[in-house]
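Asker:
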Amino acid sequence: MTYRLVIVDDEEHIREGLNDLVDWQSLGFRVVAKLEDGKQVIDLLKTTEVDIILSDIKMSVVSGLELAQYVQQHHPETKIVLISGYKEFDLVKQAMNYNVVNYLLKPTKLPDIRAVFQEVKKKLDDEREAKERFLRVLEQNRELKPEIRKRLFRDLLAGGQQMDVLEVEKQLRLADVPADTRSHACA
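Numbering-wise (the working numbering), the sequence shown opens with residue 120 and increments by one.
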């Protein structure tokens with residue numbers, strides 16, 4: 120699976136260096152945009168799905184910290200990795216409250232970038248797999264509901280199985296039947 124990555128830094132040589140020096144494809148990422156400010160990312164997110172943002176923490180219009188806050192509020196599934204200098208580390212600690220999954224210190228080394236993005240890819244893979252499992256369970260549940268309802272009503276009508284009120288309520292919930300045993304006496 121290839122994930123969509125945006126690189127954000129107000130210094131063009133850093134932006135281009137990150138794009139050109141890192142083999143993003145081998146890490147499982149595709150650079151969809153190289154932008155110079157957080158404001159541009161916010162505009163991009165209105166029209167384009169992004170899985171991860173690699174952003175400098177200090178930028179002139181919208182900082183990496185403000186961007187992280189926006190992403191957490193409006194696109195919580197999008198991951199953020201921040202790049203900062205040692206002097207900006209207090210900002211990084213603050214940004215960890217905004218869905219920031221990791222950070223890189225300047226000057227950034229290629230092995231560090233690789234390690235961070237391998238970890239992020241694993242996290243994205245795990246989340247995607249969990250979501251797919253959940254959707255499969257929902258689909259199976261949707262397919263089984265008619266059979267569960269049929270069996271429940273057959274058992275209730277036959278009277279062969281004695282169920283207490285709590286068990287009947289549980290079975291009604293499983294069958295997705297909106298009945299309240301307290302107000303529907305015949306139930």
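Ideal Cβ placement from N, Cα and C applies to all residues, glycine included. Quick caveat, the model's predicted, so the values are computed rather than measured.
Report yes if the CB atom of Val211 is closer than 8 Å to the CB atom of Ile176, and no otherwise.
Answerer: As a working mapping, residue 211 is identified with position 92 in the sequence shown. As a working mapping, residue 176 is identified with position 57 in the sequence shown. Taking 8 Å as the Cβ cut-off, Val211 and Ile176 qualify as a contacting pair.
Asker: Taking its Cβ as the centre, do 16 or more other Cβ atoms sit within 10 Å of Phe272, making it buried, or is it exposed?
Answerer: As a first step, residue 272 must be located in the sequence shown, where it is residue number 153. So Phe272 ends up on the exposed side.
Asker: Is it true that the CB of Thr197 sits closer than 8 Å to the CB of Val169?
Answerer: Within the sequence shown, numbered from 1, the residue matching residue 169 stands at position 50. Within the sequence shown, numbered from 1, the residue matching residue 197 stands at position 78. Yes, the pair counts as a contact, with Cβ atoms nearer than the cut-off.
Asker: Assign His313 to buried or exposed, taking buried as 16 or more other Cβ atoms, counted over all protein chains shown, within 10 Å of its Cβ.
Answerer: Since the first residue shown for the chain is 120 and the last is 306, residue 313 is missing from the structure and cannot be characterised.
Asker: Flag this pair as touching only if the region 152–168 and the region 249–263 have three or more C-beta atom pairs under 8 Å; answer yes or no.
Answerer: By the Cβ test, the region 152–168 is not in contact with the region 249–263, since fewer than three Cβ pairs between them sit closer than 8 Å.
Asker: For Leu173 versus Leu137, is the C-beta distance shorter than 8 Å?
Answerer: The residue labelled residue 173 in the question sits at position 54 within the sequence shown. The residue labelled residue 137 in the question sits at position 18 within the sequence shown. Contact: yes.
Asker: Please report how far the alpha carbon of Arg242 lies from the alpha carbon of Asp283, in whole angstroms.
Answerer: Here residue 242 corresponds to residue number 123 of the sequence shown, with the count starting at 1. Here residue 283 corresponds to residue number 164 of the sequence shown, with the count starting at 1. Before going on, a small fix: residue 242 reads as Lys here, not Arg. Taking the straight line joining both Cα atoms gives about 45 Å.
Asker: Express the C-alpha separation of Leu257 and Ile199 in angstroms, rounding to a whole number.
Answerer: What you label residue 199 is simply residue 80 of the sequence shown in a count that begins at 1. What you label residue 257 is simply residue 138 of the sequence shown in a count that begins at 1. Going by the C-alpha atoms only, they are around 29 Å apart.
Asker: Taking all protein chains shown into account, do 16 or more other C-beta atoms lie within 10 angstroms of the C-beta of Arg134, making it buried, or fewer, making it exposed?
Answerer: Indexing the sequence shown from 1 puts residue 134 at position 15. By the 10 Å Cβ count, Arg134 comes out buried.
Asker: Checking 8 Å against the spacing of the C-beta atoms, do Ile156 and Val181 come in under that value?
Answerer: Taking the sequence shown and counting its residues from 1, the one referred to as residue 156 is at position 37. Taking the sequence shown and counting its residues from 1, the one referred to as residue 181 is at position 62. According to the sequence displayed, residue 156 carries Asp and not Ile. Yes. Within cutoff.
Asker: Give the straight-line distance between the Cα atoms of Thr166 and Gln290, rounded to the nearest whole angstrom.
Answerer: Here residue 166 refers to the residue found at position 47 of the sequence shown. Here residue 290 refers to the residue found at position 171 of the sequence shown. For Thr166 and Gln290, the distance between alpha carbons rounds to 44 Å.
Asker: At 4 residues or longer, what runs of the alpha helix (DSSP H) sit wholly inside the region 159–206?
Answerer: 183–193
Asker: Smallest Cα separation from Tyr131: which of Lys153, Ile171 and Gln213?
Answerer: Within the sequence shown, the letter at position 12 stands for residue 131. What sits at residue 131 in the sequence shown is Glu, not Tyr. Out of Lys153, Ile171 and Gln213, Lys153 has the C-alpha closest to the C-alpha of Glu131.
Asker: Could you compute how far the alpha carbon of Arg292 sits from the alpha carbon of Glu246?
Answerer: Translated into the one-based positions of the sequence shown, residue 292 becomes position 173. Translated into the one-based positions of the sequence shown, residue 246 becomes position 127. Approximately 28 Å between the Cα atoms of the pair.
Asker: Is Asn218 helix, strand or coil when you go by DSSP?
Answerer: Locating residue 218 in the sequence shown gives position 99, where the first residue counts as 1. The answer is coil: DSSP assigns Asn218 none of H, G, I, E or B.
Asker: Alpha carbon to alpha carbon, how far is Leu201 from Leu224? Give it in angstroms, no decimals.
Answerer: The residue you call residue 224 lines up with position 105 of the sequence shown. The residue you call residue 201 lines up with position 82 of the sequence shown. Answer to the nearest angstrom: the Cα atoms are 8 Å apart.
Asker: Would you call the CB atoms of Val190 and Val151 closer than 8 Å?
Answerer: The count along the sequence shown starts at 1 and reaches residue 190 at position 71. The count along the sequence shown starts at 1 and reaches residue 151 at position 32. Not in contact: Val190 and Val151 (Cβ atoms no closer than 8 Å).
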